[in-house]
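*Asks:* This is the structure, below, for whatever I ask next.
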């Protein structure tokens, strides 16, 4: 029988992997994927709590997170395409027009 | 006799973390997408070990089947081949960032360590909860309003994506 | 525990062998039917009536050299056909081909995996099928392949929507995600003695589903991903030998699986209507059910083949317009109407 802590530790480590990806990578699309990684690790936490506490709310929340993630991916990738059209790159270090 | 449940959990956990590491270290975005899909499958497996079968299938349909196809589509559309060579230097800032992330990790682990009391899991009840019927009932009664709001969010996202990705606004 | 594993293994092996044999037969049928439509003779040299032609083709494909383009991404180039064939074959796992059979004193369900979310499983797997084609197109490093791959992902995403929405209509009628129960609901008869098949209860959903199924399996009139005159061979331009064979195989397996799903969801599945009149029970009833299922699936497959040799190919913009501006609104309207009627019936 696997206890709740194993699931929590697992999801924490993948969450931190996502954080590392976001802060170190420069390819906008991979940064995006790291965000998805973080979202998913949080989902694992929610489902684990839902299953251990016997309450469906956690799984409903995961459902909503997935909906928002889909919306976020569509808008985010549209932004990447728009950026690429303007600057011919997805390197986030070169996207610095707003930086002064 | 090794417990099959533990073996399953360990295999899925290794896949989950391993593919996560691969995602953030790959140079080619296409490979990163493939490892992320593997990651999602491992996660769906972990959901199944928690008896959340509806969430597991939705995970595959929505994440692996729709969102990642979108990623792949964009990568192929932009033809990011040259971007693969985008140099990723190891700078002092990055080392610091990884160090800070590790600190966050230890913080989370510490909180988990001191706080969670051992909760016993009622497998039969979890099984009942993970079914489509239970989730559907909760979704259309207690969570009806947020559920309707997500449809608005989705419409806004569709309009936003079309406006942003359009060549010229006319 | 051990016993169930053996039974499941036996079922899987049996299904795989049957599917592979069926593919060979389907290829032969397709070529003979196309020859008939075009007033030719078709394959008639290898074996009696040319029956062994497909077998000879398989042997030929196995013997051919496997060429990988120099600039291709080798691991993904290898992976793509495996994804295609794996997805195509594993979809069959949840389709029931009969109720139960008693063998060696055991009740055996006539499906590999009896999951209570069978339809969601099918939807999940069909959404995975995109990757095989898309990755094949991308990894070949060839512009025709890439175009084929891009077209296919756009096409599959577009038609998945109307497919999913038309399935929801069926779900509303039968009230279950389990394929076995959906078949069970269709075994009853409506007024006037016609069977309560979903094709009569949900005719609009049936049409949209069949059209979407054509698009999902890349069959003509929707075979844009591999349109020969414009894209050379489409996503599998750079494939040869065994890997090309796997793509062809998965295409035909997809066709078989799509027909089986159409039969299960809309045409009454394995249900054998006159079981009691003929005094069938137990194993003889099970055999009758399997035969019913096979005959129905065969007829649907014949229909799909005939369509291929009857209709011309769509243009790409027409395909997209049909998918988004015609099919999806129709499917949605059908869903709303079905839901309202059911709500009214429950209310009254």
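Protein chains in written order, with our numbering: chain A, 15 to 114; chain B, 18 to 187; chain C, 30 to 377.
Every residue gets a Cβ at the ideal spot worked out from N, C-alpha and C, and that includes glycine.
#1: DSSP state of residue 132/C, grouped into three classes?
#2: On the criterion of 16 or more Cβ atoms from any shown chain inside 10 Å, does residue 339/C qualify as buried, or is it exposed?
#3: Grab the span of the alpha helix (DSSP H) containing residue 150/C for me, first residue to last.
#4: Flag residue 59/C as yes if its beta-carbon sits less than 9 Å from any beta-carbon of chain B, otherwise no.
#5: Identify each residue in the stretch 20-41 of chain B for which the Cβ-Cβ distance to at least one residue of chain A is less than 7 Å, and report them in chain order.
#6: Nearest chain C C-beta to residue 218/B closer than 9 Å, yes or no?
#7: Suppose the cutoff is 7 Å on Cβ atoms and the five residues either side in sequence are ignored; what does the same chain contact list for residue 66/A look like?
#8: Residue 284/C: buried (16+ other C-beta within 10 angstroms of its C-beta) or exposed?
#9: Since I believe residue 161/C is in contact with residue 242/C (beta carbons under 8 Å), could you give me their beta-carbon distance rounded to a whole number of angstroms?
#10: Please report how far the alpha carbon of residue 189/C lies from the alpha carbon of residue 99/A, in whole angstroms.
#11: Output, in sequence order along the chain, the residues in the stretch 30-51 of chain A whose CB is closer than 8 Å to any CB in chain B.
#12: Can you name the residues of chain A whose CB is closer than 9 Å to the CB of residue 75/B?
#13: Which of the three DSSP states, helix, strand or coil, is assigned to residue 136/B?
#14: Which of helix, strand or coil does DSSP assign to residue 17/A?
#15: Classify residue 22/B as buried or exposed, calling it buried when 16 or more other Cβ atoms lie within 10 Å of its own Cβ.
#16: Quick one: what's got a C-beta closer than 6 Å to residue 106/C's C-beta in the same chain, skipping five residues either side?
#17: Along the alpha helix (DSSP H) that carries residue 205/C, what are the first and last residues, could you check?
#18: Note the first and the last residue of the continuous alpha helix (DSSP H) segment covering residue 118/C.
#19: For a cutoff of 9 Å on Cβ pairs, would you count residue 145/C as touching chain B?
#20: Excluding the five sequence neighbours on either side, which residues of its own chain have a C-beta within less than 7 Å of the C-beta of residue 59/C, listed in chain order?
#21: For the stretch 49-96 of chain A, which segments carrying the alpha helix (DSSP H) assignment without a break, of at least 4 residues, lie completely within its bounds, in sequence order?
#22: Can you tell me whether residue 373/C is buried or exposed? The criterion is at least 16 other CB atoms within 10 Å of its CB, across all chains shown.
#23: Tell me, please, whether the stretch 210-224 of chain C touches the stretch 175-182 of chain C by the rule of three or more beta-carbon pairs shorter than 8 Å.
#24: Specify, as a first and last residue, the run of the alpha helix (DSSP H) that residue 48/C falls within.
#25: State yes or no: is the beta carbon of residue 68/B nearer than 9 Å to at least one beta carbon in chain C?
#26: Between the stretch 109-118 of chain B and the stretch 23-38 of chain A, can you find at least three pairs of beta-carbon atoms closer than 8 Å?
#27: Identify the contact partners of residue 47/B in chain C, using a Cβ-Cβ distance below 9 Å as the criterion.
#28: Counting only beta-carbon separations shorter than 9 Å, does residue 90/B have a partner in chain C?
#29: For residue 51/A versus residue 24/A, is the C-beta distance shorter than 9 Å?
#30: At which residues does the alpha helix (DSSP H) containing residue 231/C begin and terminate?
#31: On the premise that residue 120/C lies in contact with residue 154/C, defined as a C-beta separation below 8 Å, what is that separation, rounded to the nearest angstrom?
#32: Assuming the contact rule is C-beta atoms closer than 8 Å, residue 89/B and residue 50/B should be a hit. Round their C-beta distance to whole Å, please.
#33: Taking the alpha helix (DSSP H) that residue 311/C falls in, what are its first and last residues?
#34: Note the first and the last residue of the continuous alpha helix (DSSP H) segment covering residue 358/C.
#35: Bridge partners for residue 163/B per DSSP, in chain order?
#36: Give me the DSSP bridge partner(s) of residue 137/C.
*Replies:* On the basis of the data shown:
#1: As a first step, residue 132/C is located in the third chain; it is residue number 103 there, counting from the start. DSSP places residue 132/C in the strand class (E or B) of the three-state scheme.
#2: Within the third chain, the letter at position 310 stands for residue 339/C. So residue 339/C counts as exposed.
#3: Reading the third chain from its first residue, position 121 is the one you call residue 150/C. That run of the alpha helix (DSSP H) goes 147-168.
#4: The sequence position of residue 59/C within the third chain is 30, counting from 1. No, residue 59/C lies away from the interface with chain B (no Cβ there is under 9 Å from its Cβ).
#5: Listed in chain order, the positions of the stretch 20-41 of chain B with a beta carbon within less than 7 Å of a beta carbon of chain A are 22, 23, 26, 30, 33, 34, 37, 38, 40, 41.
#6: Because chain B spans 18 through 187 in this model, residue 218/B falls outside it and cannot be assessed.
#7: Position 52 of the first chain, counted from the start, is the residue given in the question as residue 66/A. Here residue 66/A has 18 as same chain residues with Cβ atoms under 7 Å from its own Cβ, once five neighbours each way along the sequence are excluded.
#8: Taking the first residue of the third chain as position 1, residue 284/C is located at position 255. Label assigned to residue 284/C: buried.
#9: Locating residue 242/C in the third chain gives position 213, where the first residue counts as 1. Locating residue 161/C in the third chain gives position 132, where the first residue counts as 1. Actually they do not touch by this definition, with Cβ atoms about 17 Å apart.
#10: In the third chain, counting from the first residue as 1, residue 189/C sits at position 160. In the first chain, counting from the first residue as 1, residue 99/A sits at position 85. Near 29 Å, if we compare the C-alpha coordinates of residue 99/A and residue 189/C.
#11: The residues in question are 30, 31, 32, 33, 34, 35, 37, 38, 39, 40, 41, 43, 44, 46, 47, 48, 50, 51.
#12: Within the second chain, numbered from 1, the residue matching residue 75/B stands at position 58. The CB of residue 75/B comes closer than 9 Å to the CB of 76, 77, 80 in chain A, given here in chain order.
#13: Residue numbering aside, residue 136/B sits at position 119 when the second chain is read from its first letter. Coil at residue 136/B, not helix or strand.
#14: Taking the first residue of the first chain as position 1, residue 17/A is located at position 3. It is coil, neither helix nor strand.
#15: The residue given as residue 22/B occupies position 5 in the second chain. Flag for residue 22/B reads exposed.
#16: Here residue 106/C corresponds to residue number 77 of the third chain, with the count starting at 1. Counting only residues of its own chain and dropping the five nearest sequence neighbours on each side, residue 106/C has a CB closer than 6 Å to the CB of 97, 168.
#17: Within the third chain, numbered from 1, the residue matching residue 205/C stands at position 176. Note, residue 205/C: premise wrong, no alpha helix (DSSP H); not H, not E.
#18: Walking along the third chain from the start, residue 118/C turns up at place 89. Counting along the chain, the alpha helix (DSSP H) containing residue 118/C begins and ends at 103-119.
#19: By one-based count along the third chain, residue 145/C stands at place 116. Interface criterion met: the Cβ of residue 145/C is under 9 Å from a Cβ in chain B.
#20: If you number the third chain from 1, residue 59/C lands on position 30. The beta carbon of residue 59/C is closer than 7 Å to those of 334 in its chain, skipping five residues each way along the sequence.
#21: If we require 4 residues or more, the stretch 49-96 of chain A turns out to have no alpha helix (DSSP H) run fully inside it.
#22: If you number the third chain from 1, residue 373/C lands on position 344. Exposed, since its Cβ has fewer than 16 Cβ neighbours within 10 Å.
#23: With a cut-off of 8 Å on Cβ pairs, the stretch 210-224 of chain C is not in contact with the stretch 175-182 of chain C, counting fewer than three such pairs.
#24: Residue numbering aside, residue 48/C sits at position 19 when the third chain is read from its first letter. For residue 48/C, the enclosing alpha helix (DSSP H) covers residues 31-66.
#25: Along the second chain, read from residue 1 onward, the residue named residue 68/B stands at position 51. Cβ-Cβ to chain C under 9 Å: no for residue 68/B.
#26: As far as the Cβ criterion goes, the stretch 23-38 of chain A touches the stretch 109-118 of chain B, which means the pair count is three or higher.
#27: In the second chain, the residue the question calls residue 47/B occupies position 30. In chain order, 102, 105, 164, 167, 168 make up the part of chain C whose C-beta sits under 9 Å from the C-beta of residue 47/B.
#28: By 1-based counting over the second chain, the position of residue 90/B is 73. Interface flag for residue 90/B against chain C is set, since a Cβ pair is found closer than 9 Å.
#29: Position 37 of the first chain holds residue 51/A. Position 10 of the first chain holds residue 24/A. A distance of 9 Å or more separates the beta carbons of residue 51/A and residue 24/A.
#30: Here residue 231/C is taken as the residue at index 202 of the third chain, counted from 1. Neither: residue 231/C is in no alpha helix (DSSP H) and is coded neither H nor E.
#31: Along the third chain, one-based indexing puts residue 154/C at 125. Along the third chain, one-based indexing puts residue 120/C at 91. Taking C-beta atoms under 8 Å as the contact rule, residue 154/C and residue 120/C qualify, at a distance of about 5 Å.
#32: For the purposes of this step, residue 89/B is taken as the residue at position 72 of the second chain. For the purposes of this step, residue 50/B is taken as the residue at position 33 of the second chain. Residue 89/B to residue 50/B, Cβ: 5 Å. Contact.
#33: Locating residue 311/C in the third chain gives position 282, counting from the first residue. In the DSSP assignment, residue 311/C falls within the alpha helix (DSSP H) that extends over 311-337.
#34: Here residue 358/C is taken as the residue at index 329 of the third chain, counted from 1. Element bounds for residue 358/C: 357-376.
#35: Residue numbering aside, residue 163/B sits at position 146 when the second chain is read from its first letter. BP columns for residue 163/B are empty, so no partner.
#36: Indexing the third chain from 1 puts residue 137/C at position 108. DSSP lists 130/C as partners of residue 137/C.
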